[in-house]
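There are 2 protein chains.
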Amino acid sequence: MEYSIGEFSRLTNLGIHTLRYYEHEHLITPGRNSSNRRCYTDKDLAWIEFIKRLKDTGMPIKEIQHYSELRAEGEPTLSERIQILISHRKALNEQIDQLQEHMKKLDEKIKFYQCEIENATRE
Amino acid sequence: MEYSIGEFSRLTNLGIHTLRYYEHEHLITPGRNSSNRRCYTDKDLAWIEFIKRLKDTGMPIKEIQHYSELRAEGEPTLSERIQILISHRKALNEQIDQLQEHMKKLDEKIKFYQCEIENATRE
DNA sequence: TCTTGACATAGAGTTTACTCTACATTGTAT
DNA sequence: ATACAATGTAGAGTAAACTCTATGTCAAGA
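Right, here's the structure in full:
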């Protein structure tokens, strides 16, 4: 299947402007039809979902850009890309750990406040 | 203990400019000494550490600002503040869940790529 | 044929959260 | 007394990631 930018925008939940911006930043390079309109494929769809995943886990556009460029060079860069993913995996792990630590402290604070309320109500 | 902005900057790992910016945004309101210099206390230290926690868990400055203003109003706003923390707790939980999902997919991708490498090496 | 709607480009504008600059004051060591 | 380092304010500048505007093209329906 091929999609126009409008269809692709709906499919990916990314604005048309954002898709053009991503293209400008070399994150994605859809084909063009005879009248110069962008043609996105299912492969582009899978790829953009992965980009979203990298973004959502805190990878900046610049790094995704670098990864995309390696990807465009194909198989010879495979092991380098794996290294990037492995190191990103590590960062993500640390991020999750830290958030869990924050959650613990937040819970303590909520509990503490709730005790204060109870004390106040008893008076 | 009281701290100058320079000392406080070192203690909190926040730049002097950032501290002044936070004050400008009403996140923190240190006292002043006789010559108009900021005097941060240990209470300010605990408070800024909590602000950092909120920030690190994705709360935007605007919301922290709102929370700070409620805090400045004291006890009457306590239950409202608890509600904010509880709803933030929920968001944080969802954030962690999503990151764990991302981690799973990332692992799959890494595994898939590593198989590709192995296949390539075998040829 | 005419109009409308989706698409194209180039470049300007926005938002968030700082970060820095310019310049004035003050406290401390020589 | 003086130099100099830390601090003060006001406001400009920056970086990231969009988001929007202006203007133009093109295919399809009334």
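One line per chain: the protein sequences are A and B, in this order.
Counted from 1, the first sequence has number 103 at position 103 by our numbering; the numbering is strictly sequential.
Add 1000 to a position in the second sequence, counting from 1, and you land on the number used in our numbering.
Backbone N, C-alpha and C define an ideal beta-carbon position, used for all residues, glycine too.
These numbers come from a predicted model, not from an experiment.
### Query
Helix, strand or coil: which one does DSSP assign to A/GLY6?
Helix.
### Query
Which whole runs of the alpha helix (DSSP H) in the region 1003 to 1083 of chain B are 4 residues long or more, in chain order?
Secondary structure remark: continuous alpha helix (DSSP H) runs of at least 4 residues inside the region 1003 to 1083 of chain B, in chain order: 1005 to 1012, 1016 to 1024, 1042 to 1056, 1061 to 1073.
### Message
Any contact between the region 45 to 54 of chain A and the region 1101 to 1114 of chain B? By contact I mean 3 or more CB pairs, one from each, below 8 Å.
### Response
Contact between the region 45 to 54 of chain A and the region 1101 to 1114 of chain B is present, because at least three Cβ pairs lie under 8 Å.
### Message
Check whether the region 3 to 12 of chain A and the region 38 to 51 of chain A touch, using three or more Cβ-Cβ pairs below 8 Å as the test.
### Response
In short, these stretches touch, since the Cβ pair count reaches three.
### Query
Would a check of beta-carbon distances place B/GLN1065 closer than 9 Å to chain A?
Answer no: the Cβ-Cβ gap between B/GLN1065 and chain A never drops below 9 Å.
### Query
What's the gap between the Cα of A/LYS90 and the Cα of B/ILE1117?
Just so you know, the alpha carbons of A/LYS90 and B/ILE1117 end up roughly 21 Å apart.
### Task
Output, in sequence order along the chain, the residues in the region 82 to 94 of chain A whose CB is closer than 8 Å to any CB in chain B.
Listed in sequence order: ILE82, LEU85, ILE86, HIS88, ARG89, LEU92, ASN93.
### Query
From this set, B/HIS1088, B/LEU1092, B/GLU1094, B/LEU1099, which residue's C-alpha is nearest A/ASN93's C-alpha?
Comparing Cα-Cα distances from A/ASN93 to each of B/HIS1088, B/LEU1092, B/GLU1094, B/LEU1099, the minimum goes to B/LEU1099.
### Task
Please compile the residues from chain A whose C-beta is within a distance smaller than 9 Å of the C-beta of B/TYR1113.
What B/TYR1113 touches in chain A: LEU78, SER79, ARG81, ILE82, LEU85.
### Query
Would you say A/THR57 reaches chain B, if we count a Cβ-Cβ gap shorter than 9 Å as a contact?
Yes - at least one Cβ of chain B is within 9 Å of the one on A/THR57.
### Query
What's the C-alpha gap between B/HIS1026 and B/GLU1069?
B/HIS1026 and B/GLU1069 have their C-alpha atoms some 7 Å from each other.
### Query
From this set, A/GLU2, A/HIS17, A/LYS62, which residue's C-alpha is nearest A/GLY31's C-alpha?
Closest option to A/GLY31, judged by alpha-carbon separation, among A/GLU2, A/HIS17, A/LYS62: A/GLU2.
### Query
Using a C-beta to C-beta distance shorter than 7 Å, which residues of chain A count as neighbours of B/MET1001?
Per Cβ cutoff of 7 Å: no residues; B/MET1001 is ~22 Å from chain A at best.
### Query
Can the beta-carbon of A/ARG37 be found less than 9 Å from the beta-carbon of A/LEU19?
Annotated as distal: A/ARG37 and A/LEU19, with beta-carbon spacing of 9 Å or more.
### Contact set between the region 10 to 38 of chain A and chain B, restricted to residues whose Cβ is under 9 Å from the partner
Here the close residues number zero.
### Task
Using a Cβ-Cβ cut-off of 9 Å, state whether B/GLU1116 counts as contacting chain A.
The beta carbon of B/GLU1116 sits closer than 9 Å to some beta carbon of chain A.
### Message
Here's a check: name, in chain order, each residue in its chain whose Cβ is nearer than 6 Å to the Cβ of B/TYR1022, leaving out the five neighbours to either side.
### Response
Excluding the 5 residues flanking it on each side, B/TYR1022 has same chain C-beta neighbours closer than 6 Å at ILE1028, in chain order.
### Query
Rounded C-beta distance between A/LEU78 and B/TYR1113? I'm assuming under 8 Å.
Indeed, because the Cβ distance is near 6 Å, the residues count as touching under 8 Å.
### Task
Could you have a look at B/MET1126 and say whether DSSP puts it in helix, strand or coil?
Nothing can be reported for residue 1126 of chain B: it is not among the residues displayed for chain B, which extend from 1001 to 1123.
### Task
Look at the alpha carbon of A/ILE48 and the alpha carbon of A/ILE110, and state the distance between them as a whole number of angstroms.
The alpha-carbon atoms of A/ILE48 and A/ILE110 are separated by roughly 39 Å.
### Query
Nearest to B/ASN1119 by alpha carbon, out of A/ILE86, A/GLU75, A/GLU80, A/GLY58?
The shortest C-alpha to C-alpha distance from B/ASN1119 to any of A/ILE86, A/GLU75, A/GLU80, A/GLY58 is the one to A/GLU75.
### Query
Quick one: Cα of A/HIS88 to Cα of B/GLY1058, how far?
The straight-line gap from Cα to Cα measures roughly 19 Å.
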